[in-house]
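Enquirer: Okay, here's the structure, questions in a sec.
Number of protein chains: 2
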Amino acid sequence: MITTSFTEENYLKAIFHLSPQEAEAVSTNAIAEALQTKAASVTDMLKKLADKNLINYVKYQGVTLTDIGQQAAINIIRKHRLWEVFLVDKLNFKWDEVHELAEDLEHINSTKLIDSLEVFLGFPKVDPHGDPIPDKNGVLKEPALVPVSKMNINQTGIISGVKEHSTLFLNYLEKAGLVLGKQVKVQDLIEFDGSVIIALDKQLLTISRDVAKNILIAV
Amino acid sequence: MITTSFTEENYLKAIFHLSPQEAEAVSTNAIAEALQTKAASVTDMLKKLADKNLINYVKYQGVTLTDIGQQAAINIIRKHRLWEVFLVDKLNFKWDEVHELAEDLEHINSTKLIDSLEVFLGFPKVDPHGDPIPDKNGVLKEPALVPVSKMNINQTGIISGVKEHSTLFLNYLEKAGLVLGKQVKVQDLIEFDGSVIIALDKQLLTISRDVAKNILIAV
DNA sequence: TAATTTTTTTAGGCTAACCTAAAAAAATTA
DNA sequence: TAATTTTTTTAGGTTAGCCTAAAAAAATTA
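Residue numbers (numbering that gives the first Met the number 0), protein chains in the order written: chain B, 0 to 218; chain L, 0 to 218.
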């Protein structure tokens, strides 16, 4: 078993999240931005991760995760999401309060702890933001969700996930009544700026393109 | 609020645990041994902690915690012990499996998390080893327990705590039936090597001086 | 009290993860 | 294709926490 530092784990997770479905390489700059650090620091770390066989790295050509690296990333995501469920279901945190704390908890290293937590929580399938929880074998089933921004006029669906996890965004959703499980219908699309008029609880609500891109719907 | 690193917190905790009731200074070497590091490294850290006003440090004269340092230490201990209760009560860990994991969890920094955990656990008074849990104001009530080694012949009491938390020791106790809540009676004291013969469940059992020193009794 | 031993500190180095500034490569635009 | 811009890497430096070896102080023993 390879041991990974707190920091290395954050890089692996960032690369995973930045990887478009399979294959395509992630750029140094993209990682730097995601981790709020500098490109030079990223290059340093990429060399280290490549030495550990966690990523495939060719100078100037970005990176992909190796199988080992991907498993490591998925494992961290598993921990993150299970802790989020714990915080919301057991400790009564709100869905907009758990992300940062889970960023810390996800680095606690104990298979027994996380597997026991999963049992204790009753094998949840998704976290409080609708993201699927990988099983202990690292199998992650991405549900087929579409962002509101890709829906058609008159199409109906259930809010089932969010792409952005910041307190600011989730707080806004909460206040607007845009929470998981609600049914929404696209009433109109404004081509000019990409905003969308949706029907929610028989009321009409306009959301910006940015918001529409970050709400995921099961149609 | 002063921020403390993972490492600084471990030093504060070590100093706290090494401090004989109030006042008396802790030596550099004692800290080095407790933390499995070198005296030179300890000196480095002591300077840093003194700069942060967490300890009173005079060269060559050992250290004591300041009020702020003591509060910080107690807070870490509060987290450690609450996590131990969580692991045993909710996740079905054994009392000999929780110490190392709690050493990691205790550094997660969130007052809201730990206070919510305390509520969730029902405000436990002691951890799985019988150690008292400080309240959120940092008040720690040490119960008046005596080690078996200090008991008199024919004296009876209830096993209410342990001084040593290693898996090795706790495992031994478990196997011998020496668990929290059991009544024991001192049958005989062997002056030669300090071992003690105790009555447990109507059976006689001989324990070494080392073991006797580490089992705490409410008499 | 002098000599010796033990404890503690200082001096100087190491590594992980970060940084800035400069150089090199790749991508874009003219 | 040449010139320019952007991206990425290299070079060299910083800090936290650790180390070893040597020096200094304190404690112990003779």
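A virtual CB, placed ideally from N, CA and C, is assigned to each residue, including glycine.
Determine the chain L residues that contact B:Lys89 at a beta-carbon separation under 7 Å, and present them in chain order.
Expert: Phe119
Enquirer: What span of residues does the beta strand (DSSP E) with B:Tyr56 cover, start to end?
Expert: Counting along the chain, the beta strand (DSSP E) containing B:Tyr56 begins and ends at 54 to 56.
Enquirer: Exposed or buried, B:Pro127, counting other C-beta atoms within 10 Å across all chains shown (16 or more means buried)?
Expert: Buried is the label assigned to B:Pro127, since at least 16 other Cβ atoms lie within 10 Å of its Cβ.
Enquirer: Does the separation of the CB atoms of L:Asp95 and L:Asn213 fall below 7 Å?
Expert: no
Enquirer: Is there a Cβ from chain L that is less than 7 Å from the Cβ of B:Ser159?
Expert: For B:Ser159, the answer is no, since every Cβ of chain L falls outside 7 Å of its Cβ.
Enquirer: Within the chosen definition, does the segment 16 to 30 of chain L reach the segment 195 to 203 of chain B through at least 3 CB pairs nearer than 8 Å?
Expert: no
Enquirer: Buried or exposed: B:Gln221, going by 16 or more other Cβ atoms within 10 Å of its Cβ?
Expert: Residue 221 of chain B is absent from the structure shown; chain B starts at 0 and stops at 218.
Enquirer: How many angstroms separate the CA atom of B:Ser115 from the CA atom of B:Ile1?
Expert: Taking the straight line joining both Cα atoms gives about 22 Å.
Enquirer: Three or more C-beta pairs under 8 Å: does that hold for the segment 157 to 167 of chain B against the segment 109 to 123 of chain B?
Expert: Counting Cβ pairs under 8 Å, fewer than three are found: no touch.
Enquirer: Taking C-beta pairs closer than 7 Å, name the residues in chain B that L:Leu104 reaches, listed in chain order.
Expert: Ile107
Enquirer: Since L:Pro146 and L:Ala211 are thought to touch, with beta carbons under 8 Å apart, how far apart are those beta carbons, to the nearest angstrom?
Expert: 6 Å
Enquirer: For B:Glu117, does the count of other Cβ atoms within 10 angstroms reach 16, so buried, or fall short, so exposed?
Expert: Answer is buried; the Cβ neighbour count reaches 16.
Enquirer: Kindly list, in the order they appear in chain B, the residues whose Cβ is closer than 9 Å to that of L:Asn115.
Expert: Residue identity check: residue 115 of chain L is Ser in the sequence provided, not Asn. Within 9 Å Cβ-Cβ: Leu86, Lys89, Leu90, Asn91, Phe92.
Enquirer: Give the list of continuous alpha helix (DSSP H) stretches no shorter than 4 residues that lie fully inside the segment 72 to 107 of chain B.
Expert: 98 to 104
Enquirer: In the DSSP output, which residue or residues are listed as bridge partners for B:Gly160?
Expert: B:Leu215
Enquirer: Need the endpoints of the alpha helix (DSSP H) that L:Asp187 sits in, please.
Expert: Segment 182 to 188 is the beta strand (DSSP E) holding L:Asp187; no alpha helix (DSSP H) there.
Enquirer: Excluding five sequence neighbours on each side, which residues of the same chain lie with their C-beta closer than 7 Å to the C-beta of B:Lys51?
Expert: Ile1
Enquirer: What residues of chain L sit near B:Leu100, judged by a beta carbon separation below 7 Å?
Expert: Ser109, Leu112
Enquirer: Just reading off the alpha helix (DSSP H) that B:Ile197 is part of, what are its end residues?
Expert: No alpha helix (DSSP H) holds B:Ile197; the beta strand (DSSP E) holding it covers 195 to 199.
Enquirer: Could you check what DSSP says for B:Ile206 in three-state terms: helix, strand or coil?
Expert: strand
Enquirer: In the segment 110 to 175 of chain L, which residue ranges form an unbroken beta strand (DSSP E) of at least 3 residues, counting only runs that do not cross its ends?
Expert: 155 to 161
Enquirer: Looking only at its own chain, which residues have a Cβ that is under 8 Å from the Cβ of B:Glu173, when we skip the five neighbours before and after it?
Expert: Lys93, Trp94, Asp95
Enquirer: What three-state label does DSSP hand L:Val178 in the structure shown?
Expert: Here L:Val178 sits in coil by DSSP.
Enquirer: Report the residue from B:Ala175, B:Arg77, B:Val41 whose alpha carbon sits nearest the alpha carbon of B:Ser245.
Expert: One cannot answer for residue 245 of chain B here, as it falls past the ends of chain B, which runs 0 to 218.
Enquirer: What are the boundary residues of the alpha helix (DSSP H) that B:Leu64 is part of?
Expert: Careful: B:Leu64 lies outside any alpha helix (DSSP H), inside the beta strand (DSSP E) at 62 to 64.
Enquirer: Using only the alpha-carbon positions, how far apart do B:Ala198 and B:Val183 sit?
Expert: 6 Å
Enquirer: For L:Val25, list the residues DSSP reports as bridge partners.
Expert: In the DSSP output, where bridge partners are listed per residue, L:Val25 has L:Val62.
Enquirer: Taking 6 Å as the limit between beta carbons, can you name the residues of its chain near B:Tyr56, skipping five residues before and five after?
Expert: Leu45, Ala49, Val62
Enquirer: Quick check on the burial criterion: 16 or more other C-beta atoms within 10 angstroms. Buried or exposed for L:Leu112?
Expert: Looking at its Cβ environment, which holds 16 or more other Cβ atoms inside 10 Å, L:Leu112 is buried.
Enquirer: Classify B:Asn74: buried if its beta carbon has 16 or more other beta carbons within 10 angstroms, exposed otherwise.
Expert: buried
Enquirer: In terms of alpha-carbon separation, which member of B:Lys47, B:Met150, B:Thr65 lies closest to B:Ile54?
Expert: B:Thr65
Enquirer: From L:Asp43 to B:Lys47, what distance separates their C-alpha atoms?
Expert: Using only the alpha carbons, I get a separation of about 29 Å.
Enquirer: Report yes if the C-beta distance between L:Ile219 and L:Val178 is below 7 Å; otherwise report no.
Expert: One cannot answer for residue 219 of chain L here, as it falls past the ends of chain L, which runs 0 to 218.
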